[in-house]
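Trainee:
Listed below in structure tokens is the structure:
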């Protein structure tokens, strides 16, 4: 209890606790995505292609006896396809990796898209 000019105040502690909780909640709220960071939809599209390029390189799908296409070259092709630079992709990737809730949402969509593509490929294979 605090005495303010003769008035007994019992509410200071609950108000302080409520204010602290509000500050914590505000700090945990989603930070607005900067305008130079790709929106989730575009980031998903780009990351799907990046993962496909990485997978193709790692499984030697795009190699012959004399030619080996590097992952970096494949990623450059992905960036060109999407009309972006590597720096723009890296900036967006870094922002999402620092905002884990949104990064998780992006990766869930990337995995869903890759699974859909795999299912479609299996259907074509089984015909």
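Residue numbers (this note's numbering): 762 to 888. The beta carbon of each residue, even a glycine, is placed where N, CA and C say it ideally should be.
Do you know whose CA, among 814, 842 and 856, lies nearest residue 796's CA?
Mentor: Reading the chain shown from its first residue, position 35 is the one you call residue 796. Residue 856 is the option with its Cα nearest to residue 796.
Trainee: Contact between the region 870-878 and the region 843-859: three or more CB pairs below 8 Å?
Mentor: No: fewer than three Cβ pairs fall under 8 Å.
Trainee: Quick one: give me the first and last residue of the alpha helix (DSSP H) that residue 846 is part of.
Mentor: Residue mapping note: residue 846 aligns to position 85 of the chain shown, counting from 1. Element bounds for residue 846: n/a, residue is neither H nor E.
Trainee: Which term fits residue 880, buried or exposed, when burial requires 16 or more other beta carbons within 10 angstroms of its beta carbon?
Mentor: As a working note, residue 880 is residue 119 in the chain shown. Flag for residue 880 reads exposed.
Trainee: Would you call residue 814 buried or exposed, if buried means 16 or more other Cβ atoms sit within 10 Å of its Cβ?
Mentor: Taking the chain shown and counting its residues from 1, one reaches residue 814 at position 53. Its Cβ being crowded by 16 or more others within 10 Å, residue 814 is buried.
Trainee: Would you kindly check if the distance between the Cβ of residue 805 and the Cβ of residue 870 is under 7 Å?
Mentor: Locating residue 870 in the chain shown gives position 109, where the first residue counts as 1. Locating residue 805 in the chain shown gives position 44, where the first residue counts as 1. Yes, these two residues count as a Cβ contact at 7 Å.
Trainee: Could you tell me if residue 835 is buried or exposed, where buried requires 16 or more neighbouring beta carbons within 10 angstroms of its beta carbon?
Mentor: Counting from one through the chain shown, the residue named residue 835 turns up at place 74. Buried, by the Cβ-count rule.
Trainee: If residue 864 sits next to residue 850, beta carbons under 8 Å apart, how far is it from one beta carbon to the other, in whole angstroms?
Mentor: Here residue 864 corresponds to residue number 103 of the chain shown, with the count starting at 1. Here residue 850 corresponds to residue number 89 of the chain shown, with the count starting at 1. Wrong, their Cβ atoms sit about 14 Å apart, outside the cutoff.
Trainee: By the DSSP assignment, the alpha helix (DSSP H) with residue 869 in it spans what residues?
Mentor: Locating residue 869 in the chain shown gives position 108, counting from the first residue. Looking at the DSSP string, the run of the alpha helix (DSSP H) that includes residue 869 is 861-886.
Trainee: With DSSP collapsed to three states, give me the class of residue 810.
Mentor: Along the chain shown, read from residue 1 onward, the residue named residue 810 stands at position 49. Here residue 810 sits in helix by DSSP.
Trainee: Pull up the distance between the alpha-carbon of residue 859 and that of residue 884, whole angstroms please.
Mentor: Against the chain shown, residue 859 aligns to sequence position 98. Against the chain shown, residue 884 aligns to sequence position 123. Straight-line Cα distance between these residues: approximately 38 Å.
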